[in-house]
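**Q** Just dropping this structure here.
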Amino acid sequence: MAAELTVHQLIAKHRPTLDQALETIRTRAYWSPHPEHPKAYGENGSLSLPEGKAAFDALQGTRFDLDQPGTDDWVGGEVSPYGPELGITYPHPDIDTLLPAMRAGMRAWRDAGAEVRAMVCLEILSRISARTHEFAHAVMHTSGQAFMMAFQAGGPHAQDRGLEAVAYAYVEQSRTPDAAEWTKPQGKRDPIALNKRFTPVARGISLMIGCNTFPTWNGYPGLFASLATGNPVLVKPHPRAVLPLALTVRIAREVLADAGFDPNLVCLAVERPDEGIAKTLAVRPEIKLIDYTGSTSFGDWLEANARQAQVYTEKAGVNTVVVESTDNYKGMLANLAFSLSLYSGQMCTTPQNLLIPRDGIRTDAGAKSYDDVVADLAASVNGLLGDDARANGILGALVNPDVKSRLEAAAGLGEVALPSREIANPEFPDAVVRTPVIVKLDGAKPDAEAAYLSECFGPVSFAVAVDSATDAVELLRRTVRDKGAMTVGAYTTSEEISAAVEETCLEECAQLSLNLTGGVYVNQTAAFSDFHGSGGNPAANAALCDGAFVANRFRVVEIRKDA
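In case it helps, my numbering puts the sequence shown at residues 35 to 597.
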């Protein structure tokens, strides 16, 4: 890539990709410009697997200089969930210096217009894509994801979500024309004529607060939605998962400079241990937008206290699956087993509560009692994870000690149908790898309710016995209404129950997956087609990605003149 990028070069290179993204969010069809297979990389300037690993290794033990203003210290301390210390230090900001510097480039970025901003964002994503293998190792060793998941979710899937946000941002900014000639007839008098110009104007600096488990996948939508709508973006990573977002910031700054814009439109803010810089930044008057993924407590704090900002949160929820009947019992069990196991249940979309009638369910394999369903699901999980090498590839590592503590405590909440077991990782002996636990609970007992109506983030699920399918639907409704849910699943061959679950999800605003028995799982969503969260229940106040996610990141300012 040349040291300087002209508008013509950017449009020639990236306009076809933007057009395809615009068409895809309209049709909701499958499409991705980012290859999912590791072997697709290594040509045309992209890093191969060995080159990506070498690039990641070369970063360890170094100072990650971004040449951004206001650096008053160097901080770090990331330790891989697989054991090794990364030993990387990052710039710590003097925010009184950094925030004014970030605002300095806003005018030129605004005047560039929506199309040029979109093209620059796509160039950033293109350069990130070329380094997907490097990002995969960075995500793996900060989140604990197994390599293949880190490669896909941290790479192409995250890049798709970023591109999706750019597409929605372009649509919303293009909804109003740049200019209009306005004429109002006045009968016998001369008409009134005005020339009007409409300019999308950014709200101000956007603060993106990253999460530990999916730093790029959850971070890119807000980052690119804000940048594409004209806002500078300050990236505040989770202290355990700085590297993937630091790499992102470095690439963004390089592209902005190459395209003739102020690189300080994207900056990094890494905190000292226990500093709590996110709280300090969140209430600064310069911060007008906040994107946050994480705990309910801090999300609630942001919504209550960052009153000067538009706040987009993805918080905790209690994801629920209603199991009433199925015409593919084996497929249902396999699908649920994988959903419970993937990344050790450390996904905001992982099912937690399985609501099963205590009198059992109807299946193509005959009637199955509640105990049969739970025992068969436990056997399916054991079959999936019986081989340690396969299990390591699915489970990854526990991201932090809190997950391990919750997992161990869950065994004391009820009858354990599937005990968790420790798995050794030969490549990384210090990795903490555990299989899921399934606990049986009686939904009618108040002490059980306290357990299953609280999020237990990690490889923990509750098989909740309910009196009937109707009771399951009502408990689903109460759970979503009171606690929120990122995902809802249901298995039923009954049109009546299916309709009841669908109506519940429509009324309570929750995303529903029905009768998944193949290679699509309730905890996975596809960019350009699936909405991640709804923004309509307590688990999240925004959806990734829709028009509402981008439209309030800018305002249209009108200038009118007498013609």
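A virtual CB, placed ideally from N, CA and C, is assigned to each residue, including glycine.
How would you call E489, buried or exposed, if buried means at least 16 neighbouring beta carbons within 10 angstroms?
**A** As a working note, residue 489 is residue 455 in the sequence shown. Per the 10 Å Cβ criterion, buried.
**Q** Contact defined as beta carbons within less than 8 angstroms: I believe V116 pairs with H175. What is the distance between those atoms, to the nearest angstrom?
**A** For the purposes of this step, residue 116 is taken as the residue at position 82 of the sequence shown. For the purposes of this step, residue 175 is taken as the residue at position 141 of the sequence shown. It should be pointed out that residue 116 corresponds to Tyr in this sequence rather than to Val. Between H175 and Y116 the Cβ distance is about 6 angstroms, and since that is below 8 angstroms, they are a contact.
**Q** Are the beta-carbon atoms belonging to I162 and T282 less than 8 angstroms from one another?
**A** For the purposes of this step, residue 162 is identified with residue 128 of the sequence shown, where counting begins at 1. For the purposes of this step, residue 282 is identified with residue 248 of the sequence shown, where counting begins at 1. Yes, the pair counts as a contact, with Cβ atoms nearer than the cut-off.
**Q** Output the boundary residues of the beta strand (DSSP E) element that contains N416.
**A** Counting from one through the sequence shown, the residue named residue 416 turns up at place 382. First-last for N416: Y404 to L419, but that is the alpha helix (DSSP H), not the beta strand (DSSP E).
**Q** So A236 and F583 are in contact, right, with Cβ under 8 angstroms, and what is the actual spacing, rounded?
**A** Residue mapping note: residue 236 aligns to position 202 of the sequence shown, counting from 1. Residue mapping note: residue 583 aligns to position 549 of the sequence shown, counting from 1. Not a contact, Cβ separation roughly 15 angstroms.
**Q** Can you list the alpha helix (DSSP H) stretches of 4 or more residues lying completely in the segment 260-291, in chain order?
**A** List check, alpha helix (DSSP H) in window: nothing returned.
**Q** Between E288, R223, L56 and G427, which has its C-alpha nearest F372's C-alpha?
**A** On the sequence shown, position 338 is the one that residue 372 refers to. Answer by Cα proximity: G427.
**Q** What is the DSSP secondary structure of H566, counted as helix, strand or coil?
**A** Taking the sequence shown and counting its residues from 1, one reaches residue 566 at position 532. Strand at H566.
**Q** Any idea which residues DSSP pairs T360 with across the strands?
**A** Here residue 360 refers to the residue found at position 326 of the sequence shown. T397.
**Q** Whole angstroms are fine: how far does the CA of A303 sit from the CA of V269?
**A** On the sequence shown, residue 269 is found 235 positions in, with the first residue counted as 1. On the sequence shown, residue 303 is found 269 positions in, with the first residue counted as 1. Going by the C-alpha atoms only, they are around 6 angstroms apart.
**Q** I'd like to know whether the C-beta atoms of L261 and V300 end up nearer to each other than 8 angstroms.
**A** What you label residue 261 is simply residue 227 of the sequence shown in a count that begins at 1. What you label residue 300 is simply residue 266 of the sequence shown in a count that begins at 1. Yes, the Cβ-Cβ distance between L261 and V300 is below 8 angstroms.
**Q** Which runs of the alpha helix (DSSP H) at least 4 residues long sit entirely within the segment 84-147? Give them in chain order.
**A** Within the segment 84-147, the complete alpha helix (DSSP H) runs of at least 4 residues are 129-137 and 140-146.
**Q** Please classify P608: is it buried, with 16 or more other beta-carbons within 10 angstroms of its beta-carbon, or exposed?
**A** In the structure as shown, the chain starts at 35 and stops at 597, and residue 608 therefore has no counterpart that could be examined.
**Q** Taking Q220 as part of the beta strand (DSSP E), name the residues at either end of that continuous run.
**A** Numbered from its first residue, the sequence shown carries residue 220 at position 186. First-last of the beta strand (DSSP E) with Q220: A213 to Q220.
**Q** Can you look up Q344 in the DSSP assignment and give me helix, strand or coil?
**A** Taking the sequence shown and counting its residues from 1, one reaches residue 344 at position 310. The answer is strand: DSSP assigns Q344 an E or B state.
**Q** In the DSSP assignment, what residue or residues form a beta bridge with M242?
**A** Mapped onto the sequence shown, residue 242 falls at position 208. Answer is V269 and D325, bridged to M242.
**Q** On the three-state DSSP scale, how would you describe E77?
**A** Translated into the one-based positions of the sequence shown, residue 77 becomes position 43. E77: coil per DSSP, three-state reduction.
**Q** Is A499 closer than 8 angstroms to I472 when the C-beta atoms are compared?
**A** Looking up residue 472 in the sequence shown gives position 438. Looking up residue 499 in the sequence shown gives position 465. Cβ atoms of I472 and A499: not closer than 8 angstroms.
**Q** May I ask which residues mark the beginning and end of the alpha helix (DSSP H) holding S532?
**A** If you number the sequence shown from 1, residue 532 lands on position 498. First-last of the alpha helix (DSSP H) with S532: E529 to E542.
**Q** Taking the Cβ atom as the reference point for each residue, do S403 and T526 lie within a distance shorter than 8 angstroms?
**A** The sequence position of residue 403 within the sequence shown is 369, counting from 1. The sequence position of residue 526 within the sequence shown is 492, counting from 1. No, they are not a contact pair.
**Q** For L509, report the span of its alpha helix (DSSP H) as first-last.
**A** Working through the sequence shown from its first residue, we reach residue 509 at position 475. Note, L509: alpha helix (DSSP H), A503 to K517.
**Q** Rounded to the nearest angstrom, what separates G121 and G379 at their Cα positions?
**A** As a working mapping, residue 121 is identified with position 87 in the sequence shown. As a working mapping, residue 379 is identified with position 345 in the sequence shown. When rounded, the distance between both Cα atoms is 28 angstroms.
**Q** Report yes or no: do three or more beta-carbon pairs, one from the segment 434-452 and one from the segment 96-105, lie closer than 8 angstroms?
**A** Cβ pair count under 8 angstroms is below three, so no.
**Q** Below 8 angstroms, can you find three or more Cβ-Cβ pairs linking the segment 166-175 to the segment 84-94?
**A** Counting Cβ pairs under 8 angstroms, three or more are found: they touch.
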